[in-house]
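Taking it in order: structure first as structure tokens, then the write-up.
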């Protein structure tokens, strides 16, 4: 017969706060048989470990952190159960959500919130090889007329060396995003930098006018590398950086890509002058290709050395909770379906694509537009492109810092979008003034907002879709950008050839106005911010509990004595 009574607590026992959970598991030295089947073989957290030496009985499932030697249900004769949680857990320990048994969320490493010193090295190396890849995207378009002469092809053929980046991304997004979830950051980073390096060296085999197909192959390889790069900034920021750094880190990661475009506008016109001698022209092109090949190789080596999968400790409350909510059996396609059921995210996908697609078209066709108004100004055309991107980099950094301080994602995104439209309108109607210095000013103003918008879109998407994978949300944004980029580049190019630059730019203004209007309808549902501010038992956790195993709230039964 079992008499139920509560043990007298020792006078020096101090109860811990109810929100603290002990991460050490208690187990009995007596032979035991559990009323319910034992759950074993998986790392787990004991909700009510023992601090008492007295035997007791629990009516709840036994959760063991060690493999069980029996496969049969059993009843514990002398299991030990405490009526209080232990007060020994450190105050900084992050309370795990009930039922979370993800391996990375257990033990001290999973429960401590701490940023890694390596985080800045990771984001800087990523930024550098993203720079290298972006340079290779725009290096043909920035001296479009020179490559037309060298290879004896049309302007449209050279435009496709830029558009192949956009075209390749669309079918490869889903496989690469799946690989990111399956194999992790390090594998994706190494693959992307390796392909970027390979493509750079393949181009060295195209230094004859009849070898245009070889340069196309090299560019296609680089475009595949881009698929392994574009979706990474927000993922790196979330995995490696604290809650007050993620927007800045994302801006730094995007900064490299923008800087690569800027250098791609500036350097090719300097290294490859517009000369008629084919041999000298081939020599100058080879210098550019050798430099980029050497840089790509060095960066590939740095990626192998520097990149790690993730830091030892989660850098933020949201990331720790993300580890806990992660389901190894989650369907990748189901994640995409959930994202497309999120109306706010769908609106952002459209508006981001309209803005980024306009930027891609403007960058690809800039040389052609400037040369039409200022013949022989290839170098200044590159400098105007440089001005657009450098101004955008400052815009991106300022926006990232502002977001980390204010968390006003919706308001900042809307203001930047509207100012992009204003900048595009001013640029459109000043290009015809035939004043080069005016074009520099208006192009810089446009770039500050248009290019500065790109990291804002990434971060806003992560906020709207948390705790879905950052790789998936960023990838869908980029697909939208590539689709609109191809449409806008082809359409604006045809308009410029047939009607002039002003109608071509007005074409972009119309779609930027549409994007501004749609942005106003996006609701600021900042899920990641709520996860960082609230306790794990908030609505965000409750919304996601269907994805994780549930453990009933423990009710300690009084001690049983025989």
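In the UniProt record's numbering, the protein residues as written are 1 to 562. In this text, a Cβ means the ideal position worked out from N, Cα and C, and glycines have one as well.
Would you mind reading off the limits of the alpha helix (DSSP H) that contains residue i?
{"i": "residue 119", "result": "119-138"}
{"i": "residue 309", "result": "Note, residue 309: premise wrong, no alpha helix (DSSP H); not H, not E."}
{"i": "residue 466", "result": "Residue 466 -> no alpha helix (DSSP H), and no H or E assigned at all."}
{"i": "residue 182", "result": "155-183"}
{"i": "residue 516", "result": "501-519"}
{"i": "residue 214", "result": "212-227"}
{"i": "residue 394", "result": "378-406"}
{"i": "residue 142", "result": "No alpha helix (DSSP H) holds residue 142; DSSP gives it neither H nor E."}
{"i": "residue 261", "result": "246-271"}
{"i": "residue 243", "result": "That residue, residue 243, is in no alpha helix (DSSP H); it is neither H nor E in DSSP."}
{"i": "residue 430", "result": "409-430"}
{"i": "residue 348", "result": "343-373"}
{"i": "residue 445", "result": "436-450"}
Could you give the distance in angstroms between the alpha-carbon of residue i and the alpha-carbon of residue j?
{"i": "residue 421", "j": "residue 277", "result": "43 angstroms"}
{"i": "residue 346", "j": "residue 480", "result": "10 angstroms"}
{"i": "residue 564", "j": "residue 280", "result": "Shown here, the chain extends from 1 to 562; a query on residue 564 therefore has no answer."}
{"i": "residue 124", "j": "residue 430", "result": "37 angstroms"}
{"i": "residue 376", "j": "residue 199", "result": "31 angstroms"}
{"i": "residue 156", "j": "residue 212", "result": "14 angstroms"}
{"i": "residue 364", "j": "residue 142", "result": "7 angstroms"}
{"i": "residue 339", "j": "residue 273", "result": "48 angstroms"}
{"i": "residue 289", "j": "residue 302", "result": "20 angstroms"}
{"i": "residue 271", "j": "residue 414", "result": "40 angstroms"}
{"i": "residue 282", "j": "residue 407", "result": "51 angstroms"}
{"i": "residue 417", "j": "residue 210", "result": "44 angstroms"}
{"i": "residue 445", "j": "residue 113", "result": "40 angstroms"}
{"i": "residue 214", "j": "residue 170", "result": "23 angstroms"}
{"i": "residue 514", "j": "residue 298", "result": "43 angstroms"}
{"i": "residue 342", "j": "residue 355", "result": "20 angstroms"}
{"i": "residue 432", "j": "residue 118", "result": "49 angstroms"}
{"i": "residue 311", "j": "residue 469", "result": "17 angstroms"}
{"i": "residue 39", "j": "residue 184", "result": "Confidence in residue 39 is poor, its pLDDT being 38 and thus under 50, which makes the residue's placement unreliable; the coordinate value appears in the next sentence. Approximately 29 angstroms, taken between the alpha carbons."}
{"i": "residue 205", "j": "residue 382", "result": "25 angstroms"}
{"i": "residue 502", "j": "residue 510", "result": "13 angstroms"}
{"i": "residue 335", "j": "residue 168", "result": "23 angstroms"}
Using a threshold of 9 angstroms, state whether the C-beta atoms of residue i and residue j are closer than that.
{"i": "residue 455", "j": "residue 193", "result": "no"}
{"i": "residue 285", "j": "residue 150", "result": "yes"}
{"i": "residue 166", "j": "residue 482", "result": "yes"}
{"i": "residue 439", "j": "residue 490", "result": "no"}
{"i": "residue 234", "j": "residue 458", "result": "yes"}
{"i": "residue 268", "j": "residue 139", "result": "yes"}
{"i": "residue 449", "j": "residue 395", "result": "yes"}
{"i": "residue 174", "j": "residue 504", "result": "no"}
{"i": "residue 372", "j": "residue 496", "result": "yes"}
{"i": "residue 232", "j": "residue 296", "result": "no"}
{"i": "residue 378", "j": "residue 145", "result": "yes"}
{"i": "residue 518", "j": "residue 424", "result": "no"}
{"i": "residue 516", "j": "residue 351", "result": "yes"}
By Cβ distance below 7 angstroms, which residues in the same chain neighbour residue i in space, the five residues on each side in sequence not counted?
{"i": "residue 217", "result": "202"}
{"i": "residue 506", "result": "428"}
{"i": "residue 300", "result": "193, 194, 197"}
{"i": "residue 17", "result": "Residue confidence is low: residue 17 scores 44 on pLDDT, short of 50, so the model does not pin down where it sits. Its coordinate-derived value is still stated next. For residue 17, where only same-chain residues beyond five positions count, there are no Cβ hits under 7 angstroms."}
{"i": "residue 12", "result": "Model confidence at residue 12 stands at a pLDDT of 43, short of 50, so the residue's coordinates are unreliable and nothing is read from them."}
{"i": "residue 374", "result": "380, 436"}
{"i": "residue 524", "result": "409, 410"}
{"i": "residue 250", "result": "233, 234, 237, 400, 455, 458, 459"}
{"i": "residue 186", "result": "307, 308, 309"}
Assuming residue i and residue j are in contact, meaning their beta carbons sit under 8 angstroms apart, how far apart are those beta carbons, in whole angstroms?
{"i": "residue 399", "j": "residue 412", "result": "6 angstroms"}
{"i": "residue 486", "j": "residue 163", "result": "5 angstroms"}
{"i": "residue 471", "j": "residue 177", "result": "5 angstroms"}
{"i": "residue 362", "j": "residue 460", "result": "Not confirmed; about 22 angstroms, so no contact."}
{"i": "residue 357", "j": "residue 265", "result": "Wrong, their Cβ atoms sit about 19 angstroms apart, outside the cutoff."}
{"i": "residue 161", "j": "residue 219", "result": "5 angstroms"}
{"i": "residue 292", "j": "residue 135", "result": "6 angstroms"}
So, at 8 angstroms on beta carbons, what are the nonlocal neighbours of residue i in its own chain, with the 5 sequence-adjacent residues on each side left out?
{"i": "residue 122", "result": "236, 240, 306, 307, 308"}
{"i": "residue 527", "result": "463, 464, 465, 466, 467, 540"}
{"i": "residue 172", "result": "224, 227"}
{"i": "residue 133", "result": "192, 196, 222, 225, 226, 229, 257, 260"}
{"i": "residue 252", "result": "123, 124, 127, 397, 400"}
{"i": "residue 520", "result": "414"}
{"i": "residue 344", "result": "464, 522, 523, 525"}
For residue i, which residues of its own chain have a beta-carbon under 6 angstroms away from its beta-carbon, when the five flanking residues on both sides are left out?
{"i": "residue 258", "result": "389, 392, 393, 451"}
{"i": "residue 262", "result": "386, 389, 390"}
{"i": "residue 404", "result": "244, 247, 248"}
{"i": "residue 366", "result": "385"}
{"i": "residue 328", "result": "Its pLDDT being 46, under 50, residue 328 is placed unreliably in this model, and the coordinates cannot settle the point."}
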